[in-house]
Amino acid sequence: MNLRTKAALLSALLFPGLGQALVLKRPRRALCFIVPALLAMLWLLHAAWTVANLIVDQIGAGTLPLDPVLIQQQIEATNTGPGGNLAAAVLLIAWLGSILDALFSKP
385 MNLRTKAALL SALLFPGLGQ ALVLKRPRRA LCFIVPALLA MLWLLHAAWT
435 VANLIVDQIG AGTLPLDPVL IQQQIEATNT GPGGNLAAAV LLIAWLGSIL
485 DALFSKP
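Just so you know, we're using my numbering here: the sequence shown kicks off at 385 and counts up by one.
Now the structure itself:
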């Protein structure tokens, strides 16, 4: 297995940019993928955590019954706005870009 394939697998299976950092020894290029992906992932996790806490508080207060359909409707009603879609797109682009960069860059 050549270096580009190893780098692409690391970037695909673990985290975007890891193949560039660990296998191809290009830390600056790796940061171009790691930083946006990490920020997008943290934003998505924060949004999910906030919604989960809101739902748990409503269930604990008795304002939301333990009905899966009602809980799903409440989750859908607490939309995070266009930021969630943007963060997901940034994460996807960083991930795919990292894989393609590892495959097609010269070692």
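C-beta: ideal position from N, C-alpha, C; glycine also.
Computed from a predicted model, the values in this text were never measured in an experiment.
Close-in-space but distant-in-sequence residues of the same chain around residue i (CB under 6 Å, 5 per side omitted)
i: isoleucine 418; result: Gly401
i: leucine 487; result: Arg388 and Ala392
i: alanine 414; result: Gly401, Gln404 and Ala405
Spatial distance of residue i from residue j (CA atoms)
i: leucine 398; j: serine 482; result: 11 Å
i: leucine 523; j: alanine 445; result: Beyond the ends of the chain as shown, which are 385 and 491, falls residue 523; an answer cannot be given.
i: lysine 366; j: serine 489; result: Absent from the structure is residue 366, since the part of the chain shown begins at 385 and ends at 491.
i: leucine 505; j: alanine 396; result: Since the first and last residues shown for the chain are 385 and 491, residue 505 lies out of range.
i: leucine 438; j: methionine 385; result: 48 Å
i: glutamine 458; j: leucine 426; result: 22 Å
i: leucine 423; j: alanine 432; result: 14 Å
i: proline 420; j: alanine 478; result: 7 Å
i: leucine 448; j: alanine 405; result: 47 Å
Proximal residues to residue i (C-beta, below 8 Å), its chain only, five neighbours per side dropped
i: leucine 428; result: Gly468, Ala471, Ala472 and Leu475
i: glutamine 442; result: Leu448 and Gln458
Close Cβ partners of residue i (< 7 Å) along its chain, the five nearest in sequence each way excluded
i: threonine 462; result: Val435 and Leu438
Touching by the beta-carbon criterion (3+ pairs, under 8 Å), the stretch 441–453 and the stretch 467–481: no
Every unbroken alpha helix (DSSP H) inside the stretch 418–463 [4 residues or more]: 452–461
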